[in-house]
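Visitor: Residue numbers -19 to 473, in our numbering, belong to the letters of the sequence shown in order. Even for Gly, the Cβ is constructed at its ideal location relative to N, Cα and C.
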Amino acid sequence: MKVTGCVFLFYYTLVTFFVSGQNLIPDSLKSSPKEFEVIIPTFLGNEQRNYYGNYAPDTLEVIWKHYLGKGETIISRKLGSRIWAGAGWTGQPLLVREDSMLYLIQGSYDHHLKKLNARTGELVWQYKFDDVVKGTGTIWTTPDTFPPENRLIILQGSRLGVGNYLDTKYIPSYRAISYFSGKELWRLDVKWMKESYSRDADGSALILNDTVYIGLENSLFTVLNPSPSKASVKNGMLQPEIIQETPLFTKQDAIDHKLNCVTESSPSLLDSIIYIASGAGHIYGYSLKEKKLVWDFFIGSDMDGSVVVTSDNCLLVSVEKQYIKGQGGAFKLNPAKAPENAVIWYFPTENTEYASWEGGIIGTIGINDRYNKGNTPYMAAFNAIDGYLYVVDHTKIDSSKTVLGPDSISVLPTPQLLFKYKTGASVSTPLILENKIIAAGYGGIYLFGYNKDMEFRKIARLRAPFESTPIVHNGKIYIASRDGYFYCLGKKL
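Have a look at this one:
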């Protein structure tokens, strides 16, 4: 599904509010009636995490850039604070059309969630969190009974708050914000779980009708009612109604991972099962019918990337090299089978250290399934810590070889490798659209082209440090950088 919201016609009252010391009246609120379309409403576009926009440009010229700023964040009591600039992982922008105008929603390391004019990069409004904003939000298109100013609500998380620590009494790091006004509607206190050393909120929520499903970093799979009308005051804060909380770890996981049971991924939907990668080492399946975990594929490593659903109803999973004896890499799993029989293939990447990572794949895998017109293979692309972009045919097995799994014992099939390129270490998700691949990383952003004969070529490169994942729309790429700026790239007129 390309868009979670339909197109609506509505009227609303002109609103003024205070942003960064200025009284601003956003262009998006200057006239009525208004028609809107949510184009990119969540991380990787939809509930299957496999849509990135419509079509890519042929070049990487800088059309405009907007300075996002920088901000302080606490690493730990022992390590103290750091100043981070721009935006990082996952950090993908969201995209909304209002009449003929396009607007972006972007979280930033200056502690703000920002609404930007996609044509000019001009700031429309910004909402301040207590810490850097890392993850990607999700936009909920509310029922038409809601007030016009709340027809779109952004659900967004942040780190736990400067001056806060794990044992701070209340950590409201997950919040609901009005898309049109930038006003807070509620905030959620992320509980302290003794098995987890985080109370951040990085994941992008899955919203089905009027229910939110999200894995918070305390590793509780949380089901909640996002409606502000159902929120109530708890601990001095207006908080949403919690429907259910399910741990995404076992007691043994907490021991093996030394309390690093942290869920940073975003949930995905296949049929009536929600799949989510737990940093405790599991791919869990949560049944919407039974309202409980019904599937558990155990890997044992830390996993940060989100589960991606393929057109053949399988799952692609990225594996970090941590807490495992073997190499990190990528799995393709068939969730229709029992977990012990679910592996279709495994693709290991090299054990190369970068920053605090030991290897494997940190980000999410990109696929071309929604763009495939039948004249090219069904491809999966992933950026690895070893510095390479890998592209494989995710439907074909390489009959000439087998590989060891992450446990360094299991002998598994591996897919056909189509392309490999040294782009530098990366935690960003590469995008495959039509005949182009966009891959961002610490060494810059690359644009590749390919043809039906699977001949690949580098088209362009822009040097800047990237952790976040881009989106594309109408021949433009939108992406935030660690250099402090948000970029609009494409053909400069």
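I'd like to know whether the C-beta atoms of I133 and P247 end up nearer to each other than 9 Å.
Guide: Taking the first residue of the sequence shown as position 1, residue 133 is located at position 153. Taking the first residue of the sequence shown as position 1, residue 247 is located at position 267. Cβ atoms of I133 and P247: not closer than 9 Å.
Visitor: Could you give the C-beta distance for S448 and W64, rounded to a whole number, given that I count them as a contact under 8 Å?
Guide: Residue mapping note: residue 448 aligns to position 468 of the sequence shown, counting from 1. Residue mapping note: residue 64 aligns to position 84 of the sequence shown, counting from 1. Actually they do not touch by this definition, with Cβ atoms about 12 Å apart.
Visitor: Do V142 and S61 have their CB atoms nearer than 9 Å?
Guide: Residue numbering aside, residue 142 sits at position 162 when the sequence shown is read from its first letter. Residue numbering aside, residue 61 sits at position 81 when the sequence shown is read from its first letter. A contact, by the Cβ cut-off of 9 Å.
Visitor: Find out if the Cβ-Cβ distance for the pair G308, G339 is shorter than 9 Å.
Guide: As a working note, residue 308 is residue 328 in the sequence shown. As a working note, residue 339 is residue 359 in the sequence shown. Against a cut-off of 9 Å, the Cβ pair of G339 and G308 comes out as a contact.
Visitor: In chain order, which continuous runs of the alpha helix (DSSP H) of length 4 or greater are located wholly inside the region 299 to 328?
Guide: none
Visitor: So what does DSSP say about G470, is it helix, strand or coil?
Guide: Residue numbering aside, residue 470 sits at position 490 when the sequence shown is read from its first letter. G470 falls in the strand class under three-state DSSP.
Visitor: Would you tell me roughly how many angstroms separate the C-alpha atoms of I425 and I439, rounded to the nearest one?
Guide: Locating residue 425 in the sequence shown gives position 445, where the first residue counts as 1. Locating residue 439 in the sequence shown gives position 459, where the first residue counts as 1. When rounded, the distance between both Cα atoms is 11 Å.
Visitor: On the three-state DSSP scale, how would you describe D284?
Guide: By one-based count along the sequence shown, residue 284 stands at place 304. Residue state, collapsed to three classes: coil.
Visitor: Does DSSP classify P227 as helix, strand or coil?
Guide: Residue mapping note: residue 227 aligns to position 247 of the sequence shown, counting from 1. If DSSP states are grouped into helix, strand and coil, P227 belongs with the strands.
Visitor: Just to confirm the assignment: which complete beta strand (DSSP E) runs, minimum length 3, are found wholly within the region 361 to 436?
Guide: Entirely contained in the region 361 to 436, the beta strand (DSSP E) runs reaching 3 residues are, in chain order, 368 to 384, 391 to 402, 411 to 413, 416 to 421 and 424 to 430.
Visitor: Assign K108 to one of three DSSP states: helix, strand, or coil.
Guide: What you label residue 108 is simply residue 128 of the sequence shown in a count that begins at 1. Correct three-state label for K108: strand.
Visitor: Please determine, among L392, S56, V203 and F446, the residue with the shortest C-alpha to C-alpha distance to T524.
Guide: The question about residue 524 has no answer here: the residues shown for the chain are numbered -19 through 473.
Visitor: When burial is assigned at 16 or more other CB atoms within 10 Å of the CB, is N30 buried or exposed?
Guide: Here residue 30 refers to the residue found at position 50 when the sequence shown is read from its first residue. Per the 10 Å Cβ criterion, buried.
Visitor: Measuring CB to CB, does D349 end up less than 9 Å from T290?
Guide: Taking the first residue of the sequence shown as 1, we reach residue 349 at position 369. Taking the first residue of the sequence shown as 1, we reach residue 290 at position 310. A contact, by the Cβ cut-off of 9 Å.
Visitor: So Y107 and L93 are in contact, right, with Cβ under 8 Å, and what is the actual spacing, rounded?
Guide: Residue mapping note: residue 107 aligns to position 127 of the sequence shown, counting from 1. Residue mapping note: residue 93 aligns to position 113 of the sequence shown, counting from 1. About 5 Å; that satisfies the 8 Å criterion.
Visitor: Using 8 Å as the threshold, is the region 411 to 418 in touch with the region 32 to 44, meaning 3 or more CB pairs across them?
Guide: yes
Visitor: Contact between the region 297 to 316 and the region 324 to 336: three or more CB pairs below 8 Å?
Guide: yes
Visitor: Counting C-beta neighbours from all protein chains within 10 Å, is the total for N293 16 or more, i.e. buried, or is it exposed?
Guide: Mapped onto the sequence shown, residue 293 falls at position 313. Label assigned to N293: exposed.
Visitor: Flag this pair as yes or no: are the beta carbons of G183 and F23 separated by less than 9 Å?
Guide: Numbered from 1 along the sequence shown, position 203 holds the residue referred to as residue 183. Numbered from 1 along the sequence shown, position 43 holds the residue referred to as residue 23. Contact flag set, yes.
Visitor: Closest to Y145 by C-alpha separation, out of G25, K171 and R155, would be which residue?
Guide: Counting from 1 along the sequence shown, the entry for residue 145 is found at position 165. Closest by alpha carbon: K171.
Visitor: Go ahead and label I451 buried or exposed: buried means 16 or more other beta carbons lie within 10 angstroms of its beta carbon, across all protein chains shown.
Guide: Counted from its first residue, the sequence shown places residue 451 at position 471. Buried.
Visitor: Where does P73 land, buried or exposed, given buried means 16+ other C-beta within 10 angstroms?
Guide: Translated into the one-based positions of the sequence shown, residue 73 becomes position 93. By the neighbour-count rule (16 or more Cβ atoms within 10 Å), P73 is buried.
Visitor: Return the bridge partner residues of Q478 from the DSSP annotation.
Guide: In the structure as shown, the chain begins at -19 and stops at 473. Residue 478 is therefore absent and cannot be evaluated.
Visitor: A460 and A67 look like a contact to me (Cβ under 8 Å); what is the Cβ gap, rounded to whole Å?
Guide: Counting from 1 along the sequence shown, the entry for residue 460 is found at position 480. Counting from 1 along the sequence shown, the entry for residue 67 is found at position 87. A460 to A67, Cβ: 4 Å. Contact.
Visitor: Please state if the CB of M173 and the CB of C241 are separated by a distance shorter than 9 Å.
Guide: In the sequence shown, the residue the question calls residue 241 occupies position 261. In the sequence shown, the residue the question calls residue 173 occupies position 193. Yes. Within cutoff.
Visitor: Are the beta-carbon atoms belonging to L469 and E41 less than 9 Å from one another?
Guide: For the purposes of this step, residue 469 is taken as residue 489 along the sequence shown, with counting starting at 1. For the purposes of this step, residue 41 is taken as residue 61 along the sequence shown, with counting starting at 1. Yes; because the gap between Cβ atoms is below 9 Å, this pair is in contact.
Visitor: Determine whether the beta carbon atoms of L103 and I19 lie at a separation below 9 Å.
Guide: The residue you call residue 103 lines up with position 123 of the sequence shown. The residue you call residue 19 lines up with position 39 of the sequence shown. Result no, Cβ atoms of L103 and I19 do not sit closer than 9 Å.
Visitor: Within its chain, find whatever has a CB closer than 8 Å to the CB of G464; leave out the 5 residues flanking it on each side and keep chain order.
Guide: Counting from one through the sequence shown, the residue named residue 464 turns up at place 484. Counting only Cβ-Cβ distances below 8 Å, and skipping sequence neighbours, we find Y47, L48, G49, K50, A65 and G66.
Visitor: Using alpha carbons as the reference points, say which of K238, L296, Q232 and L442 lies closest to I256.
Guide: By one-based count along the sequence shown, residue 256 stands at place 276. The shortest C-alpha separation from I256 is found at L296.
Visitor: Beta strand (DSSP E) containing F278: first to last residue?
Guide: Within the sequence shown, the letter at position 298 stands for residue 278. It spans K272 to F278 - the beta strand (DSSP E) in which F278 sits, taken as one unbroken run.
Visitor: Is it the case that the region 218 to 236 contacts the region 154 to 169, given that we only count it when at least three CB pairs across the two stretches are under 8 Å?
Guide: yes
Visitor: Considering only residues of the same chain and omitting the five flanking positions on each side of W120, which have a CB-CB separation below 6 Å?
Guide: In the sequence shown, residue 120 corresponds to position 140, counting from 1. Only I133, I187 and P206 meet the Cβ criterion.
Visitor: Of the choices R443, S408, D378 and N431, whose alpha-carbon is the least far from that of G423?
Guide: Here residue 423 corresponds to residue number 443 of the sequence shown, with the count starting at 1. The residue from R443, S408, D378 and N431 with its alpha-carbon nearest to that of G423 is R443.
Visitor: Does the beta-carbon of S153 have 16 or more other beta-carbons within 10 angstroms, so that it is buried, or is it exposed?
Guide: Position 173 of the sequence shown, counted from the first residue, corresponds to residue 153. Per the 10 Å Cβ criterion, buried.
Visitor: Where does I235 fall in DSSP's three states?
Guide: Reading the sequence shown from its first residue, position 255 is the one you call residue 235. Residue state, collapsed to three classes: helix.
Visitor: Can you tell me whether DSSP reads N130 as helix, strand or coil?
Guide: Counted from its first residue, the sequence shown places residue 130 at position 150. DSSP places N130 within a helical segment (H, G or I) once states are collapsed to three.
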